Amino acid sequence: MIQLNNIQISFNKNSSAIINALNDINLLLHEGEWTYVIGGNGSGKSTLLKLINQEYLPDKGQVTFNSFTPSEVLSIDQVTLKNLVPSMTLYENLIFGLKKPGTTPNLRFYKQRGYRTKMVSVLKEFEIGLENRLNEQVRFLSGGEQQIIVASRIMLSRPKVLLMDEFTSSLDQKWAPFILSKLKQFVTLNNILALAVTHDFDQIQETGDRLIMLKNGMIKADKKKINYDFSTQSILKLFYENH
Numbered sequence: 001m002i003q004l005n006n007i008q009i010s011f012n013k014n015s016s017a018i019i020n021a022l023n024d025i026n027l028l029l030h031e032g033e034w035t036y037v038i039g040g041n042g043s044g045k046s047t048l049l050k051l052i053n054q055e056y057l058p059d060k061g062q063v064t065f066n067s068f069t070p071s072e073v074l075s076i077d078q079v080t081l082k083n084l085v086p087s088m089t090l091y092e093n094l095i096f097g098l099k100k101p102g103t104t105p106n107l108r109f110y111k112q113r114g115y116r117t118k119m120v121s122v123l124k125e126f127e128i129g130l131e132n133r134l135n136e137q138v139r140f141l142s143g144g145e146q147q148i149i150v151a152s153r154i155m156l157s158r159p160k161v162l163l164m165d166e167f168t169s170s171l172d173q174k175w176a177p178f179i180l181s182k183l184k185q186f187v188t189l190n191n192i193l194a195l196a197v198t199h200d201f202d203q204i205q206e207t208g209d210r211l212i213m214l215k216n217g218m219i220k221a222d223k224k225k226i227n228y229d230f231s232t233q234s235i236l237k238l239f240y241e242n243h
């Protein structure tokens with residue numbers, strides 16, 4: 001669980017053009033729940049994710065991590081999706097995705113710990129035979145297959161918290177629903193706390209458990225699928241009622 005109490009973050013504090021990016025945010029986020037965050041430009045969506053990822057510190061309020069540490073947070077964005085190395089094999093790219101930032105991947109280290117077996121198990125989840133192509137260079141994969149490798153990196157990393165900032169906007173629209181459905185299963189089965197910024201309301205209907213709407217750094221709506229219609233039409237209505 002992540003608890004945000006009375007959070008405020010402002011930019012340009014020493015000028016007349018002060019920006020209140022987040023304003024009096026109170027929020028409780030739970031494991032096993034896929035929460036989507038929507039809102040217009042400048043509403044505070046990305047700032048919220050960066051706060052939880054400890055890229056920003058609040059000017060006021062407190063962020064509390066219960067049952068896990070900030071080091072168990074995995075942040076995924078559009079840049080991450082472009083980080084595959086075409087000249088490396090699937091196996092090497094998957095290992096590369098497991099390394100800590102600023103370090104060099106140690107292939108022997110991961111081999112000794114049976115990661116190849118884990119890779120095969122994860123890739124089998126996608127049911128397109130990539131587990132039989134681990135020694136093949138990524139440049140021979142289609143765009144959709146490469147995106148599955150990125151999703152597999154996420155699953156191999158086993159984060160406790162998964163933050164996603166518009167990462168699906170780079171996905172091939174043919175593959176996006178399939179990849180999202182697999183990640184949704186992964187989040188649910190492993191009791192992961194997932195928080196995603198999106199402009200694609202269809203995704204919310206397909207994989208969302210909860211919907212938070214921001215405007216001017218404030219929460220304008222907080223809905224759960226169990227008691228709210230997550231159809232695209234309903235979400236659009238909610239969006240325009242608050243903008």
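Residue 179 in the numbering used here sits at position 179 of the sequence shown, and the numbers go up by one each step.
Virtual Cβ for every residue (Gly too), placed ideally from N, Cα, C.
Small disclaimer: the values here were computed from a predicted structure and weren't measured.
Own chain partners of residue i with C-beta closer than 7 Å, once the 5 adjacent residues on each side are dropped
i: Tyr56; result: Ile9, Thr47, Lys50
i: Asp24; result: Asn6, Gln8, Met218
i: Val122; result: Ser152, Met155, Leu156
i: Asp245; result: Residue 245 is absent from the structure shown; the chain starts at 1 and stops at 243.
i: Thr232; result: Phe201, Asp202, Gln205
i: Lys174; result: Gly144
8 Å CB neighbourhood of residue i in its chain, flanking five on each side removed
i: Lys124; result: Glu131
i: Phe11; result: Ile18, Ile19, Ala21
i: Ile38; result: Lys45, Val197, Thr198, His199, Phe201, Ile204, Leu211, Ile212, Met213, Leu214, Ile235, Phe239
i: Gly40; result: Lys215, His243
Cβ neighbours of residue i in the same chain (closer than 6 Å, five flanking residues each side left out)
i: Met164; result: Ile76, Ala196
i: Lys224; result: Arg210
i: Gln62; result: Asn5
Helix, strand or coil at residue i according to DSSP, with G and I counted as helix
i: Phe68; result: coil
i: Arg210; result: strand
i: Leu94; result: helix
i: Gly129; result: coil
i: Asp165; result: strand
i: Tyr56; result: coil
i: Gly42; result: coil
i: Ala17; result: coil
i: Lys223; result: strand
i: Thr184; result: Sequence check: residue 184 is Lys here, not Thr. Helix, per DSSP.
i: Val85; result: coil
i: Thr198; result: coil
i: Phe11; result: strand
i: Met218; result: strand
i: Ser142; result: coil
i: Ser75; result: strand
i: Leu29; result: strand
i: Ile192; result: coil
Alpha carbon of residue i to alpha carbon of residue j, nearest angstrom
i: Ile149; j: Pro177; result: 15 Å
i: Val73; j: Phe186; result: 15 Å
i: Leu90; j: Pro159; result: 21 Å
i: Leu28; j: Glu136; result: 43 Å
i: Lys13; j: Phe140; result: 50 Å
i: Leu162; j: Ser181; result: 15 Å
i: His30; j: Ile2; result: 7 Å
i: Leu259; j: Ile226; result: Any property of residue 259 remains undetermined from this structure, which presents the chain solely from 1 to 243.
i: Gln54; j: Pro70; result: 8 Å
i: Lys60; j: Ile52; result: 14 Å
i: Ser142; j: Gly114; result: 27 Å
i: Ser169; j: Ile179; result: 13 Å
i: Glu206; j: Arg116; result: 31 Å
i: Phe68; j: Phe126; result: 28 Å
i: Phe4; j: Arg133; result: In the sequence as presented, Phe is not what sits at residue 4; that position holds Leu. Approximately 44 Å, taken between the alpha carbons.
i: Phe65; j: Phe96; result: 28 Å
i: Phe230; j: Tyr36; result: 11 Å
i: Thr188; j: Asn26; result: 24 Å
i: Gly42; j: Glu92; result: 38 Å
i: Lys237; j: Leu193; result: 27 Å
Beta-carbon spacing of residue i, residue j below 7 Å
i: Leu84; j: Gln146; result: yes
i: Asp202; j: Glu33; result: no
i: Gly129; j: Asp172; result: no
i: Val138; j: Pro86; result: yes
i: Asn242; j: Lys220; result: yes
i: Leu94; j: Met119; result: yes
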